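Chains as they are written, first to last, in the working numbering: chain V, 26 to 199; chain L, 3 to 351.
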């Protein structure tokens, strides 16, 4: 018979020999295999205490970065929102007022910046699109939540703490 | 009739009550920790870690499971026969616990100049008693399956009944060959014979193999777990059961496993005897305690074997089960019996 690939193998349909009909050798062989698995390395880890290392290019939850003086880098240009294939990012821009130069790097900043983590596909296009190196993806993933609105991450969730003016951040329970 | 025969020997009564409580407690605790062991062995074989959250090494897991079962809602189906529905699991539990009465858990302990036998009842028909109780054990499954008034339960009960009946025959026949060698039905005598001579597994390898396979079938353990076949019968005879009534069924299975392991160790692997036990030169009480440890070691090895097989072999198809029982095991057991009989006759002269 013509075979499609050279990997095809004829099934052995010969009647079983007496040795095979005994089944016990085959059972012993199977038991040997399972016994060897008892002593083999476990495939699972003790999760909360131990986590698997991520690869260096892992794309997890986003953060909004600050510059070396602790000012927000985001200028609300909207390029990340445009680049986002899942349309997970929305933002509202605002103008920097007099006296807010220590808070925002550019004249325009994001007054509201939200990422819907249920929509996000963690492709990293936002990170690539950002001209100000403001958005980065970390090595953590979104924790579970009881409500959908808990997955909409605002600026207070995304923005990294200010290295110059450290405050204790109380993440409000949604 | 002598008057002293009518007087109650209170020491004897207390001794037996203590012994019964101890054996019952031990078998319950071992059954409890068998569930833990089962999950651990299953996990290891599947390259997992198994329960390790409740207490060190997950050792409190059985307590958590038991507590959960107690607090579950009791559901008795509206169409079920209430009396039989409760009788089913009770019967399964009762028969599972009854068997331990005739197994010699150890030799004689000498406490305060009085010899205490570590066997609840050394009856001269010990093995017959076990066969009778095991035969009764199937009523737990049958009654439970029938009383549930559910077609899957009923089907499972029918499967269970025919399976146990089919596999009791080769089991009995393999034991007859053993009795030809031992000349006694008392388990104590059988152990004492193995203490001096060879273990009966050496003299009866085929008999042991048949007994082992039948023990798997009698305990409804994989590969013979057709009565509870999860994926065909939704759990089988205990489909309608919830709460501790389900717990009783599951528990009875583990007690049965423990008892049949102990029985196999007693009949074929020397029971509480171990090699060179009489030439160690230790005090008799110490040797007895070591003997108890030896018996439990053998029993645990068998329990591990039960679990190991469960997580290795897939379930039989029903016709394969019947074919193995009637066309393979019974003729083999008969042949084994004939050969043993011939050899015994030849050696007698």
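Where a beta carbon is used, it is the ideal one built from N, C-alpha and C, also for glycine. Owing to the predicted nature of the structure, the values given are computational and were not obtained by experimental measurement.
* Ends of the beta strand (DSSP E) at residue 87 of chain V? -> For residue 87 of chain V, the enclosing beta strand (DSSP E) has its first and last residue at 87-89.
* Listed by chain order, chain A residues near residue 71 of chain V by CB distance under 8 angstroms -> Of the chains in the structure shown, none is chain A; the protein chains are V and L.
* To do: Would you list, in sequence order, the uninterrupted beta strand (DSSP E) runs of no fewer than 3 residues that lie entirely inside the region 82-136 of chain V?
  => Counting whole runs of 3 or more residues, the region 82-136 of chain V contains the beta strand (DSSP E) stretches 87-89 and 114-120.
* So with Cβ pairs under 8 angstroms, would you call residue 59 of chain V a contact of chain L? -> Interface residue, yes.
* To do: Can you give me the start and stop residues for the beta strand (DSSP E) that residue 112 of chain L sits inside?
  => Residue 112 of chain L -> beta strand (DSSP E) spans 110-113.
* When you compare only the Cα positions, how much space is there between residue 194 of chain V and residue 78 of chain L? -> Confidence is the limiting factor: at residue 194 of chain V the pLDDT is only 48, short of 50, which leaves the residue's position unreliable, though a coordinate-based value still follows. Rounded to whole angstroms, the separation of the alpha carbons of residue 78 of chain L and residue 194 of chain V is 53 angstroms.
* **CA-to-CA distance, residue 103 of chain L to residue 118 of chain L, given in whole angstroms** => Roughly 15 angstroms between the two C-alpha positions.
* Compute the Euclidean distance between the alpha carbons of residue 376 of chain L and residue 286 of chain L, then round it to the nearest angstrom. => Given that chain L is displayed from residue 3 to residue 351, the structure contains no residue 376 of chain L and the question cannot be resolved.
* Contacts that residue 47 of chain L makes with chain V (C-beta to C-beta distance below 7 angstroms) -> The answer, in chain order, is 59, 62 and 63.
* Which residues bound the alpha helix (DSSP H) around residue 329 of chain L? -> If you look at residue 329 of chain L, you'll find it isn't in any alpha helix (DSSP H); DSSP assigns it neither H nor E.
* Asked: Taking contact to mean at least 3 C-beta pairs separated by less than 8 angstroms, is the region 125-138 of chain L in contact with the region 235-243 of chain L?
  -> Because the criterion of three Cβ pairs below 8 angstroms is not met, the region 125-138 of chain L and the region 235-243 of chain L do not touch.
* Backbone secondary structure at residue 184 of chain V - three-state DSSP -> Residue 184 of chain V: strand per DSSP, three-state reduction.
* To do: Below 8 angstroms on the Cβ atoms is my guess for residue 57 of chain L versus residue 38 of chain L; work out the distance and round it to an integer in Å.
  => Contact check for residue 57 of chain L and residue 38 of chain L: beta-carbon distance about 10 angstroms, past the 8 angstroms limit, so the pair fails to qualify.
* At 9 angstroms on the CB atoms, spell out the chain L contacts of residue 41 of chain V, in chain order. => For residue 41 of chain V, none of the residues of chain L pass the 9 angstroms Cβ criterion, the least Cβ distance being about 14 angstroms.
* Asked: Quick one: does residue 224 of chain L have its CB under 8 angstroms from some CB of chain V?
  -> At a cut-off of 8 angstroms between beta carbons, residue 224 of chain L makes no contact with chain V.
* Where do the N-terminal and C-terminal ends of the beta strand (DSSP E) with residue 118 of chain L fall, by residue? -> Taken as a continuous stretch (DSSP letters only), the beta strand (DSSP E) holding residue 118 of chain L covers 116-119.
* Closest Cα partner of residue 110 of chain L within the set L:350, L:290, L:342 and L:203 -> The candidate whose alpha carbon is nearest that of residue 110 of chain L is L:290.
* Asked: Considering residue 133 of chain L, what are the terminal residues of the alpha helix (DSSP H) in which it resides?
  -> Start and end: 128-149.
* What does residue 51 of chain V touch in chain L if you count any residue whose Cβ is under 9 angstroms from its own? -> Those within 9 angstroms of residue 51 of chain V in chain L number zero; the least Cβ separation is about 10 angstroms.
* Asked: Can you tell me whether residue 192 of chain L is buried or exposed, with buried defined as 16 or more other CB within 10 angstroms of its CB?
  -> With 16 or more Cβ atoms within 10 Å of its Cβ, residue 192 of chain L is classed as buried.
* Asked: Which same chain residues, not among the five before or five after residue 51 of chain L, have their C-beta less than 7 angstroms away from its C-beta?
  -> The beta carbon of residue 51 of chain L sits closer than 7 angstroms to the beta carbons of 45 from its chain, once the five residues preceding and following it are set aside; these are given in chain order.
* To do: Give the residues of chain V in contact with residue 315 of chain L, contact being defined as C-beta atoms less than 8 angstroms apart.
  => Under the 8 angstroms cutoff, chain V gives 52 and 55.
* Interface flag, residue 169 of chain V vs chain L, CB-CB below 8 angstroms -> No, residue 169 of chain V lies away from the interface with chain L (no Cβ there is under 8 angstroms from its Cβ).
* Nearest chain L C-beta to residue 136 of chain V closer than 8 angstroms, yes or no? -> No, because no Cβ of chain L sits closer than 8 angstroms to the Cβ of residue 136 of chain V.
* What is the DSSP secondary structure of residue 63 of chain V, counted as helix, strand or coil? -> Helix.
* Closest Cα partner of residue 69 of chain L within the set L:54, L:85, L:99 and L:34 -> Closest by alpha carbon: L:34.
* Grouping DSSP H, G and I as helix and E and B as strand, with all else coil, what is residue 164 of chain V? -> Coil at residue 164 of chain V, not helix or strand.
* To do: Please go through the same chain and pick out, in chain order, the residues whose beta-carbon is closer than 8 angstroms to the beta-carbon of residue 206 of chain L, but skip the five residues on each side of it.
  => In the same chain as residue 206 of chain L, and ignoring 5 residues on each side of it, the C-beta atoms closer than 8 angstroms to its own belong to 176, 179, 180, 183, 270, 338 and 342, in chain order.
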